[in-house]
Amino acid sequence: MRILIIEDDPEISTMLKTFLSTENYEIVTASDGEAACRKFYESEYSLVLLDLMIPKISGMEVMKKIRETSTVPIIILSAKDTDSDKALGLGLGADDYITKPFSVTEVLARIKANIRRNTQYAVKSQEPEAVITKGALRMNIDTYTLTKKEEPIELTIKEFEILKLLMQNPNKVYTKEQLYALVWKDAYLGDENAVNVHISRLRSKIEEDPRNPRYILTVWGIGYKLGDIK
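Residue numbers for the sequence shown follow the numbering used here, beginning at 1237 and rising by one.
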């Protein structure tokens, strides 16, 4: 499981990274809000540890940006310990609040509890719909069929899986690495050609104008997402 630690105090960041790594968590760190936002969209995380008092972009703003596209558990780490501070943080989307100074064993316990709660909820509530509709596209996951304006569109398995992933997660931006790992079920070795070719072919089949796509959008510097089509 991968955890993003957003903390500008190098001693605290190093302490948490060292301890949590021994518990078999993969740790990514960021020391300011800009780096935090960039790293969050570069990968997938099981949980975020967030200090509120960070430079460039505040912790609260970082949390707002994360909550625009993700329900990943967020635990606030803060020296502010008033009830109003806690209420504000939890009200803006945090799942838990830990006051500094803290013990690493307490942090570990909170991490395990939040990941367990989020995972159990996901298993119960996120069963995919059999039919997904987006604009003129209608996808049936059970029968592996796609139609556009009620006309069938023939897709390869990989093309179908890419489009299914995007349609099931319309607010998420996927990197090429993530698409390759999730669709090809294999480690990404830096070869972008496979993903690029499949995206190009998919656009040629579902877009009115593949050069100006509306369904599969490129998010420059990051990857791909589904267009906001009603």
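Heads up, the beta-carbon is just placed ideally off N, CA and C, and yes, glycines get one too.
Could you give the residue range of the alpha helix (DSSP H) that holds residue i?
{"i": "Arg1450", "result": "No alpha helix (DSSP H) contains Arg1450, which DSSP labels as neither H nor E."}
{"i": "Met1251", "result": "Pro1246 to Thr1258"}
{"i": "Glu1262", "result": "Careful: Glu1262 lies outside any alpha helix (DSSP H), inside the beta strand (DSSP E) at Glu1262 to Ala1266."}
What distance in whole Å lies between the Cβ atoms of residue j and residue i, which are believed to be in contact at a cut-off of 8 Å?
{"i": "Tyr1410", "j": "Lys1461", "result": "7 Å"}
{"i": "Tyr1261", "j": "Met1289", "result": "In fact, because the Cβ distance is near 24 Å, the residues do not count as touching under 8 Å."}
{"i": "Ile1311", "j": "Leu1286", "result": "7 Å"}
{"i": "Ala1330", "j": "Met1375", "result": "With 8 Å as the limit, Ala1330 and Met1375 do not qualify as a contact, their Cβ atoms being about 34 Å apart."}
{"i": "Arg1346", "j": "Asp1332", "result": "5 Å"}
{"i": "Pro1309", "j": "Asn1354", "result": "5 Å"}
So, are the CB atoms of residue i and residue j less than 8 Å apart?
{"i": "Leu1256", "j": "Ile1242", "result": "no"}
{"i": "Ile1302", "j": "Phe1276", "result": "yes"}
{"i": "Ile1458", "j": "Tyr1451", "result": "no"}
{"i": "Gly1269", "j": "Pro1291", "result": "yes"}
{"i": "Asn1407", "j": "Thr1305", "result": "yes"}
{"i": "Glu1335", "j": "Ser1320", "result": "According to the sequence shown, residue 1335 is Thr rather than Glu. No, the pair does not count as a contact, with Cβ atoms beyond the cut-off."}
{"i": "Leu1418", "j": "Leu1402", "result": "no"}
{"i": "Leu1344", "j": "Glu1259", "result": "yes"}
Between which two residues does the beta strand (DSSP E) holding residue i run?
{"i": "Tyr1460", "result": "Gly1459 to Leu1462"}
{"i": "Leu1331", "result": "Checking the displayed sequence, the identity of residue 1331 turns out to be Asp instead of Leu. It is not in any beta strand (DSSP E) - Asp1331 carries neither H nor E in the DSSP assignment."}
{"i": "Thr1369", "result": "Val1367 to Lys1370"}
{"i": "Ser1314", "result": "Ile1310 to Ser1314"}
{"i": "Ile1241", "result": "Arg1238 to Ile1242"}
Count Cβ pairs between the segment 1273-1282 and the segment 1366-1382 that sit closer than 8 Å; are there 3 or more? no
So does the segment 1245-1258 actually touch the segment 1293-1305, counting three or more Cβ pairs closer than 8 Å? Touching, no, given that fewer than three Cβ pairs across the two stretches are closer than 8 Å.
Report yes or no: do the segment 1384-1396 and the segment 1425-1444 share at least 3 C-beta pairs separated by less than 8 Å? yes
Go through the segment 1277-1305 residue by residue and report every complete run of the alpha helix (DSSP H) that reaches 4 residues or more, in order. 1295-1303
If we require 3 or more residues per run, which beta strand (DSSP E) segments fall completely within the segment 1376-1431? 1381-1384 and 1387-1389
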